[in-house]
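Numbering (the working numbering), first residue to last: 6 to 194.
Virtual Cβ for every residue (Gly too), placed ideally from N, Cα, C.
In this text the structure is predicted, and so the values were computed from the model without any measurement.
Remarks on the structure that follows.
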C-alpha cells in the first residue's frame, strides 16, 4: 500500500466514504426525512383537531344558549295540561281588576308545528281604568299572550264602575309535549 500512487489513496478514501454514505448516512437521513414527514403530518392533524375542538366548543356553547332559550320559552309557553290553570288565573286577574266578565269562551287549540294557539274570546265590562289595569296585568303575566280583534265601546247606560265594554280575543300558546319529547330524544342520541 505504500507504493500506491496518491490517487489510489484518494480512491480508497472515496470508496470508504461512499460505503459510509450508503450504509450509515443515507438510511439515517431517509429515516430522519420520514420522521420529519410524520411530524409534519402529526402537526397538521393536531392543528385540525384543535380547530375541530374549537368548533365543538362553539357548538356546545350554542347548544347551552339554545337550551337556555328553550327553557325560557317553556316558562312562557305552557304545556297543554297547564291551560286550565291559566284560564283560572285570567279570570282571577279580571276579578282583581274589578271588571265583569260578560263572555269568556276558550276555543279549540289551533295546531302549529311546535306549539298550538289557544284562543279565548272575551267580552269585559268595567270602567276604562280597571280594564286598562286588567290588560296591563295580563301583559305582565308570566305566560305569553297576544291580543287580537280588540274593540272598546262606551256603554249606553253608564255608572261609576261600568263605563266601557271590550271585545277581544286573547291567545296563549301551548307547547307540544310530543315535539318536546322528540327533541329530547334526538339530543340523547
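Could you please give the first and the last residue of the uninterrupted beta strand (DSSP E) stretch that includes residue i?
i           : result
residue 120 : 120-131
residue 161 : Unbroken run through residue 161: none, as it is neither H nor E.
residue 180 : 169-180
Tell me the rounded alpha-carbon separation between residue i and residue j.
i           : j           : result
residue 16  : residue 28  : 18 Å
residue 124 : residue 172 : 13 Å
residue 88  : residue 98  : 15 Å
residue 135 : residue 100 : 10 Å
residue 102 : residue 57  : 57 Å
residue 105 : residue 169 : 11 Å
residue 72  : residue 45  : 40 Å
residue 195 : residue 30  : With the chain covering only 6 through 194, there is no way to say anything about residue 195.
residue 186 : residue 119 : Here residue 186 scores only 49 on pLDDT, less than 50, and its place in the model should not be relied on; the value that follows carries that caveat. Their backbone Cα atoms lie some 11 Å apart in a straight line.
residue 92  : residue 62  : 43 Å
residue 42  : residue 48  : 10 Å
residue 133 : residue 64  : 51 Å
Does residue i pass the burial test, meaning 16 or more other C-beta atoms within 10 Å, or should it be called exposed?
i           : result
residue 166 : exposed
residue 129 : buried
residue 116 : exposed
residue 184 : The predicted position of residue 184 is uncertain, since its pLDDT is 46 and thus under 50; a value taken from the coordinates is nonetheless stated next. By the neighbour-count rule (16 or more Cβ atoms within 10 Å), residue 184 is not buried but exposed.
Would you give the residue range spanned by the alpha helix (DSSP H) that residue i belongs to?
i           : result
residue 106 : Residue 106 -> not in any alpha helix (DSSP H); beta strand (DSSP E) instead, spanning 105-111.
residue 22  : 11-25
Within 8 Å (strictly less), CB to CB, does residue i reach chain B?
i          : result
residue 78 : Chain labels in this structure do not include chain B; a single protein chain is all it has.
**Report entry** Segment contact, 8 Å Cβ cut-off, at least three pairs: the segment 157-165 with the segment 139-148
**Finding:** Contact between the segment 157-165 and the segment 139-148 is not established, with fewer than three Cβ pairs separated by less than 8 Å.
Requested in this report: Write down every uninterrupted run of the alpha helix (DSSP H) in the segment 27-91 whose length is 4 residues or greater and which is fully enclosed by it, in chain order.
Outcome: Within the segment 27-91, the runs of alpha helix (DSSP H) that reach at least 4 residues and sit entirely inside it are, in chain order, 31-81.
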